[in-house]
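Reminder that position 315 of the sequence shown reads as 317 in our numbering, one-by-one numbering, no gaps. Think of the CB as a built atom: it goes at the ideal place given N, C-alpha and C, for glycine as much as any other residue. Note that the structure is predicted; figures quoted are calculated from it, not measured. For reference, the structure discussed in these notes is given below.
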Amino acid sequence: MSTSHNTHQQTQFSKQTDLTEKLVGLHVSKYNKNRIFLVLLSILSIIGLIGLIVKISTDGFDNPAEWGYYVTFVVFILTTVQAAPMVAIAPFIAKGHWNRSITKVAQLFAPLGLINLILFVPVLCVLPSLSDGRRTLWFFESLKMHSHMPHIITSISFICLVLLGIALLWVSTVPDFAILRENSKNPYHKKLFSILSNRWIGTSKQWFTQKHRIGILGAFYFMTLVILNFQISSDFAMSLIPGWIDSLYPITHAANSFQAGVATVILAMFALRKWGGCKDFIEFDQFWALGKLMFALSLMWIWFFFSSFIIFWYGAKPTEKAIIELSMTGPYFVPFLGSAFLLFILPLITMPFNKIRRSIWGPTIIAFFILIGSFLDRLRIYVPAYQLTEHPNKHNIYLADIPATILPDIPDIMIIVGGISAIILAYTLLTKLIPVISIWQQKELSLYKIHKKFHRTEVLVLGKPE
């Protein structure tokens, strides 16, 4: 019995060592790759920066109607990139195993919120103060509060979300930094990983506190993301459209961000599997699991939409008719139709089929179209909202007041292309510092799984950590 036990321990140790070497080698191999791709992304990012400078210098901050597409893009990044870490947070709290290979894939999006935080500054400059007399949740006239309270509170929430995301990524990566510290041959890398590993040696106390910190930070990230979606949708969209009263839209905004966040992670998984050398770790199971989740969130889209729409349609007040005309059936009918088709109808008619859902290409293609639909959904709300900032009546809007469709100008297109390129560039650079496949989670998973003979076949048995 003792000999058998020792043999099992030696085999387990050998598996752990081989796994560590493979994952460390996968990470080190990324140091000098993709240089041409990075140069191209850098050029496009600079073009986006030039577009932003041109827009500020030509349009200024006194004409909010010219900034509708810019605000749409910033909110789009919030509801895709900054919602992506939820894919890592929810399964970790549920103690799932399938997500271990993609935890870092999702968490690496969290620090990218810093780019969006910088892009958010012009949005603050464009948003009118409460002194313009529009109706908001702040009761400006009766409570006599600061006229820039939405700017202040939303900025605090935005900063907290970014800091929580960075802290979550660092805390969950400390054991990997310690492994890289021990296996790095470059003295500069070794020193860097020594600092980032924060004296990690893997004691029971360190593991206990680390896992609880991940859970706490993840819970706070979720709460802050929902709060920020509430603030953005209320103060940067609804309050700018006279007469728009919808208590459900803020949570609709947050729920749609979860759908877009899952789609973002699926696209990142596909790219890392195809071009990032992660084919052995990002497999069919991850795409299948996230595909089912994305399908469920797509079905939720119609519930939230119909729950809000039926109030305006059945009420049929002049203001409510005008709001339907403004964001759905009028000048922005094409974006509305596109968002409804891509966010709900397309997943509904494709994802129920096993050949599409139970594949790698199927969820990836649907995820790509969901991101396009998410952008169109934001466009039909935020662009007309900023067209109405100079509306003479701050309390009601009628059909005669509906503005015509406006299209993005050249600086807007430059900013959108450059902003997306900057996000991809920053993500790619982060993968050179942080292992895109969590080493410690893969090693832990190897302790929880075993292949056992069952009649004439062999099955995988998975244990739960607690």
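- Taking 7 Å as the cut-off, the Cβ atoms of Leu230 and Ser159 count as close.
- Ranked by how close their Cα comes to the Cα of Val83, the residues Ser376, Lys396, Val176 have Ser376 in first place.
- Judged by DSSP in its simplified three-state form, Ile452 adopts strand.
- Under the Cβ criterion (8 Å, minimum of three pairs), the stretch 243-253 does not count as touching the stretch 84-102.
- When the five nearest sequence neighbours on each side are left out, the beta carbons in the same chain lying within less than 7 Å of the beta carbon of Phe224 are those of Met88, Ile91, in order along the chain.
- In chain order, Leu219 place their CB closer than 7 Å to the CB of Ala169, counting only its own chain and leaving out the 5 sequence neighbours on each side.
- Sixteen is the threshold: since fewer than 16 other Cβ atoms of the shown chains lie within 10 Å of the Cβ of Leu145, the residue is exposed.
- Between the stretch 285-297 and the stretch 98-108, the count of C-beta pairs closer than 8 Å reaches three or more; the two stretches touch.
- Distance from Thr391 to Ala108 at the Cβ level is roughly 36 Å; contact not present, criterion being Cβ atoms closer than 8 Å.
- Remark: C-beta atoms of Phe346 and Ser300 approach each other more closely than 7 Å.
- By the criterion of a C-beta distance shorter than 6 Å, Phe272 is surrounded in its chain by Thr366, once the five residues flanking it on both sides are discounted.
- For Glu460, the enclosing beta strand (DSSP E) has its first and last residue at 459-464.
- When DSSP states are grouped into helix, strand and coil, Glu23 belongs to the helix group.
- Residue environment for Leu344: buried (at least 16 other C-beta atoms within 10 angstroms of its C-beta).
- The distance from the Cβ of Pro437 to that of Arg382 is about 40 Å, inconsistent with a contact at the 8 Å cut-off.
- DSSP places Asp379 inside the alpha helix (DSSP H), whose first and last residues are 363-389.
- DSSP, read as helix, strand or coil, puts Thr407 in coil.
- Within the same chain, and ignoring the five residues on either side of Gln443 in sequence, the residues whose Cβ sits closer than 7 Å to its Cβ are Arg102, Thr105.
- In the structure shown, the three-state DSSP call for Phe179 is helix.
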